[in-house]
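So the protein lines, in turn, are chains E and G. Under the numbering used here, the letters of the first sequence match residues 1 to 114, in that order. Under the numbering used here, the letters of the second sequence match residues 115 to 230, in that order. Heads up, the beta-carbon is just placed ideally off N, CA and C, and yes, glycines get one too. These figures come from a predicted structure and were not determined experimentally. First up is the structure itself, then whatever we jot down about it.
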Amino acid sequence: AQSVTQLDSHVSVSEGTPVLLRCNYSSSYSPSLFWYVQHPNKGLQLLLKYTSAATLVKGINGFEAEFKKSETSFHLTKPSAHMSDAAEYFCVVSFSGGYQKVTFGIGTKLQVIP
Amino acid sequence: GAGVSQTPSNKVTEKGKYVELRCDPISGHTALYWYRQSLGQGPEFLIYFQGTGAADDSGLPNDRFFAVRPEGSVSTLKIQRTERGDSAVYLCASSPGGGGLGNEQFFGPGTRLTVL
């Protein structure tokens, strides 16, 4: 079975400071891992994905995430938060089975304080 | 190009009524997914189509829920005898190809269903 745990339901940072959103996963198979962002009243958008290539993955808008198998983690980071980063972020896992059935975390709401 | 579209954007209905939610995937995408997102939760998988057939419907909560994709493009999620607990945002996503490692799913804006 696969599962994903987002360790913080809410994260608050000041504009210009680093962002860290934590995610741990459990998967019986080699996982694919994704981070999606959901802005209010907008659809989910893919930020980045890991698919067993490079363990450090760079995404859009300056975000990146590092796959750490030993820690079963895939934390999302950004060096400097911008007001437009305020949104909900979802960590998602799928296993390399026959198709891409994904499991979402419960989400982390990021607040950016001016 | 056009993304995934869903209609209606909002649907208010009364308990016990029947509703249909529509999803138009990105042209050429063979995989289509339905999810349900309750308040404060992440999206939960409902059903996956590969072409016209439902390859995995293990996420449908009970037999009041049914989905079709008769021509391998547009899909309709049907809910019979709606209950207040069905209130949620229903998301549709499509993906090029039948899976494969790391295929991105493209999401629609969702349909907000409210059952009074």
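Which residues DSSP lists as bridging residue i, in chain order
| i | result |
| --- | --- |
| Gln111 (chain E) | E:Ser12 |
| Ser94 (chain E) | E:Ser32 and E:Val102 |
| Thr121 (chain G) | G:Arg136 |
| Thr5 (chain E) | E:Asn24 |
| Phe220 (chain G) | G:Ser208 |
| Lys131 (chain G) | For Lys131 (chain G), which the question treats as bridged, DSSP gives no partner whatsoever. |
| Arg150 (chain G) | G:Glu158 and G:Tyr204 |
| Leu191 (chain G) | G:Leu135 and G:Ala181 |
| Ala145 (chain G) | G:Gln164 and G:Ser209 |
Interface residues of chain A facing residue i [CB-CB closer than 9 Å]
| i | result |
| --- | --- |
| Leu48 (chain E) | In the structure shown, chain A does not exist; the protein chains are E and G. |
Cβ of residue i within 8 Å of any chain G Cβ
| i | result |
| --- | --- |
| Leu44 (chain E) | yes |
| Phe90 (chain E) | yes |
| Val93 (chain E) | no |
| Lys58 (chain E) | no |
| Val37 (chain E) | no |
| Val174 (chain E) | Lying outside 1 to 114, the shown extent of chain E, residue 174 (chain E) is not represented and no answer is given. |
| Phe104 (chain E) | yes |
| Gly107 (chain E) | yes |
With 16 other Cβ atoms within 10 Å as the buried cut-off, status of residue i
| i | result |
| --- | --- |
| Val126 (chain G) | exposed |
| Ser172 (chain G) | exposed |
| Glu88 (chain E) | buried |
| Asp85 (chain E) | buried |
| Ala65 (chain E) | buried |
| Ala207 (chain G) | buried |
| Thr17 (chain E) | exposed |
| Gln194 (chain G) | exposed |
| Arg183 (chain G) | buried |
| Asn217 (chain G) | buried |
| Lys49 (chain E) | buried |
Enclosing beta strand (DSSP E) for residue i [first to last residue]
| i | result |
| --- | --- |
| Glu185 (chain G) | Looking at the DSSP string, Glu185 (chain G) is not in any beta strand (DSSP E), and its letter there is neither H nor E. |
| His75 (chain E) | Ser73 to Lys78 |
| Gln45 (chain E) | Leu44 to Tyr50 |
| Asn24 (chain E) | Cys23 to Ser26 |
| Asp70 (chain G) | Residue coverage of chain G in this structure runs from 115 to 230, which leaves residue 70 (chain G) outside it and unanswerable. |
| Gln164 (chain G) | Glu158 to Gln164 |
| Leu56 (chain E) | Leu56 to Lys58 |
| Gln155 (chain G) | First-last for Gln155 (chain G): undefined, no H or E at that position. |
| Glu197 (chain G) | Taken as a continuous stretch (DSSP letters only), Glu197 (chain G) belongs to no beta strand (DSSP E), as it is neither H nor E. |
| Leu227 (chain G) | Thr225 to Val229 |
| Phe63 (chain E) | From DSSP, Phe63 (chain E) is part of no beta strand (DSSP E); its letter is neither H nor E. |
| Using a beta-carbon distance cut-off of less than 8 Å, what residues from the segment 157-175 of chain G approach chain E? | Listed in chain order, the positions of the segment 157-175 of chain G with a beta carbon within less than 8 Å of a beta carbon of chain E are Pro157, Glu158, Phe159, Tyr162, Gln164, Ala169 and Asp170.
| task | Quick one: which residues of the segment 65-86 of chain E get their C-beta closer than 8 Å to a C-beta of chain G? List them in chain order. | result | Residues are counted here when their Cβ sits less than 8 Å from a Cβ of chain G; for the segment 65-86 of chain E the count is zero.
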